Amino acid sequence: MRVSNRMISETFINNVMKSLERLNDSQNRVLTGRKVDQLSDSPVDIKSIQRLNAELTDNQVYLDNIQNGIGWINSSSAALSQLNDLLTEAKNLTVEAANATRSATDRQRIAQQLNGILEQVLSLGNKTYLDSYIFAGTRVDEQPFVAQRDVTGKITSVDTSGDLSGKIWRKIAKTERIQINANIEEIFTGDEGVFNVLIDLRNALHNNDVATIQESLSNLTTLQDKVIAKEAEQGALMNQLEQMQNYLENENLQNEKTLSDIQDMDITEAIARFQQEQVAYQFGLAVGNQMLRLSLLNYLK
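Those letters in the sequence shown? Residues 369 to 669, by my numbering.
See the structure below:
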């Protein structure tokens, strides 16, 4: 079979284009650090990469929700701890005031201290986290407790607004969600809620009403028990969030490693391959060029 100049040229061009394609591919792998970059490289690997990336994206959403939940629970736990301390202080003052050796003047002084505690409790009830009222239920943009005051500025009653029993949820896994806000309705509201108990106690101190002062001690103890129980509940939720956080972070590390094993190139190997393809391309050009010259000379002869 006679080999024509045209066949030589076409073969040369075809080989050079294939070599250039391999060179370009190896160059892209060096630049991107990826051995799998598109579906044609490996359909099975691409599907695994898509699945792993989707899991990493979902897990990051869950981790963000968990971090937000931890912030909420830390904030509410701190408020409950401070409330517990204030109730302890109020109980100590009540025990002092109930002592028969205390005078009406002493109880007036203690009433002033109770006023200060009452103001601090109001502040805790309206505590915020990221500009949201943590004890307002779902209506986080509304101040949950509003004080009514007399002409001297003393709190006479506390009104509630919003939805104190509303629950705020965060999704922390594919099939799991958790309530991040504490329901403190039974602690703060009603006749046996902290505001009314403290207001009644203060008024009893002003009126030198020893019997009511003694009764208030039992109410304060009941309130403190509720606060301690709520603190324990918040602690359990925190543990749950932290365990899920650790699980998701470990899963992400494993997914990232698997992802790297599938798609990432050994950079030393990638550079060596690029250099080989570069040499092969240049050699092919040189050989092809020499063949075309010889063919042209033969034609001229």
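Every residue, glycine too, gets a C-beta built ideally from N, C-alpha and C. Computed from a predicted structure; not experimentally measured.
Of all alpha-carbon atoms in Ser444, Asn421, Trp440, the one lying nearest the alpha-carbon of Arg538 is that of Trp440. An exposed status is given to Gly521, since fewer than 16 other beta-carbon atoms sit within 10 Å of its beta-carbon. Nearest in C-alpha terms to Val489, of all of Leu461, Ala447, Ala468, Arg517, is Ala447.
Put simply, the backbone Cα of Ala468 is about 57 Å away from that of Leu431. Listed in chain order, the beta strand (DSSP E) runs fully inside the stretch 532-596 are 537-541, 544-547, counting runs of at least 3 residues. Under DSSP, the beta-bridge partners assigned to Ser525 are Gln516.
If you draw a 10 Å sphere on the C-beta of Asn433, you find 16 or more other C-beta atoms in it, and that means buried. Between Thr589 and Glu554, the alpha-carbon positions lie close to 14 Å from each other.
Taking C-beta atoms as the reference points, Gln602 and Asn452 fail to come closer than 8 Å. For Gly437, the closest C-alpha among the options Ala466, Gly534, Lys415, Ile540 is that of Ile540. 8 Å or more divides the Cβ of Leu498 from the Cβ of Leu482. Note that the stretch 414-423 touches the stretch 615-628; at least 3 beta-carbon pairs, one per stretch, sit closer than 8 Å. With a 10 Å radius around the Cβ and a threshold of 16 neighbouring Cβ atoms, Pro512 comes out buried. In the same chain as Gln613, and ignoring 5 residues on each side of it, the C-beta atoms closer than 6 Å to its own belong to Ile434, in chain order. In chain order, Gly505, Thr506 place their CB closer than 6 Å to the CB of Gly534, counting only its own chain and leaving out the 5 sequence neighbours on each side. Here the alpha carbon of Val526 sits roughly 21 Å from the alpha carbon of Ser449.
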